[in-house]
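Here is the structure we will look at.
Listed below in structure tokens is the structure:
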């Protein structure tokens, strides 16, 4: 072992050097520290041979005097060195290193020694204790008496705890433990433990809760589409128009979407799995769908979603400078909201046009015509960079200490919290901006009006630079 370096603060005397300089007694009389001897390794040890290499960036354990690479420390494990080491240590030990114990100290083997004073420390006395069952929780007490590992093992494997079961065992269990009476359980403490059971839903959380499927919109769907939107105009807050639109307006929207290669999708009540389709773009979910009952109204339009140019030209033309940026328009029948229909429509739109979205695959989609517009491809004719969707909420007025108004306005953002969680956590949107008081409702100017804020969310469709 290398000898101690006196210039290093952490280097201490070896244990033999320290121990040989103490006299120990029971009472502390005569306990004193003798003058410490120099560490014998100062005399017989070798200088450490750890050297810095020529480059100054590493250590080596050999030098030019020992180019073989063998460490000098190997010398300290040889018989010749150990023999001299022990002899030198023995010479420094007292002639009669005897530790005596005063008989006046009772049970000195139970006492520890104070390392500072050398006196014996009083033995540790453990007071008698017992379990107070009244302070324990009843269910925990029942578990303590019934669910211990020993009791469970005895009940499950009674033969293992019997002397007759294994007569030739090398190590017999104590007879006291084998023959003791069964534990007496306080009947008052026996309670039925109610374990929390997690109920798994029958259907995946993203599966539409109405039996339906998605498909590209057709012209004959526009009357139902107009009815859904016009209900929002008359009773809701998300429509941009203040007067109902005629069905021909939606027919024009469908034609415009198709001409600009923008998807237009509808959700239809029914099941796509019993239509007998074998060709086309057929996407069936990996999860079980809500079964369709024959008593249900097959073919009813439950919702629709389509893309439109983010900022069309002054004449309304959608092929202007913002043609690679789109606005998402999605509306669901008022009787079927919060049923994952709108979520499925958004999922399919993003699956069609976004390279930065992974579908949940919880809905059925069919396109018998196999249009390339509804297939996810990097080679599609129109590439999108950003998608935007807006959600309108009541504008909060300055209360000026009006407690009633403050309480009333607390619920204005409740729906926004739900929408934001869905868009950001599940559909890769990010809240971009909140425009305050940009819409005014209702359309009837004779009644009281209120203002609406619009919260805009953004989805990026591709990674890196915008498409060329």
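In the numbering used here, the protein residues as written are 174 to 641. All C-beta atoms, glycine included, are put in the ideal place defined by N, C-alpha and C. Because the structure is a prediction, the values reported are computed rather than measured.
If you draw a straight line from the Cα of residue 509 to the Cα of residue 433, it is about 30 Å long. Here residue 634 is buried. Its C-beta has 16 or more other C-beta atoms within 10 Å. Rounded to the nearest angstrom, the Cβ distance from residue 501 to residue 519 is 7 Å, consistent with a contact under 8 Å. Per DSSP, reduced to three states, the secondary structure at residue 537 is coil, with no helix or strand assignment.
Only exposed fits residue 507, as fewer than 16 other CB atoms lie within 10 angstroms of its CB. The closest CA to that of residue 536, considering only 515, 258, 549, 542, is found on 515.
Per DSSP, reduced to three states, the secondary structure at residue 510 is coil, with no helix or strand assignment. For residue 403, the uninterrupted alpha helix (DSSP H) run begins and ends at 395-408, by DSSP. When beta bridges are read from the DSSP output, residue 490 appears opposite no residue. The beta carbons of residue 477 and residue 398 sit about 5 Å from each other, so the pair counts as a contact at 8 Å.
Assigned with DSSP and collapsed to three states, residue 325 falls in helix. Within the same chain, Cβ atoms closer than 6 Å to the Cβ of residue 287 are found at 294, the five residues on either side in sequence being excluded. Contact between residue 629 and residue 563 holds: their C-beta atoms lie close to 5 Å from each other, under 8 Å.
Measuring C-alpha to C-alpha distances from residue 598 to each of 577, 530, 454, 606 identifies 530 as the nearest. By a beta-carbon distance limit of 8 Å, residue 626 contacts residue 610. Their separation comes to about 7 Å. Distance from residue 401 to residue 504 at the Cβ level is roughly 5 Å; contact confirmed, criterion being Cβ atoms closer than 8 Å. Residue 625: member of the beta strand (DSSP E) spanning 623-633, first to last residue. With a cut-off of 8 Å on Cβ pairs, the stretch 468-488 is in contact with the stretch 377-396, counting three or more such pairs. For the options 550, 568, 498, the alpha carbon positioned closest to that of residue 632 is the one of 498.
When the Cα atoms are used, residue 557 and residue 229 turn out to be separated by approximately 58 Å.
In terms of Cβ geometry, residue 423 and residue 430 do not form a close pair [threshold 8 Å]. Taking C-beta atoms as the reference points, residue 566 and residue 589 count as a pair closer than 8 Å. In the structure shown, residue 547 falls within a helical segment according to DSSP collapsed to helix, strand and coil. In this structure, DSSP gives residue 498 an extended state, which the three-state scheme calls strand.
For residue 388, the closest of 317, 453, 322, 483 by C-alpha to C-alpha distance is 453. A distance below 7 Å between beta-carbons, with the five flanking residues on each side excluded, links residue 464 to the following residues of its chain, in chain order: 384.
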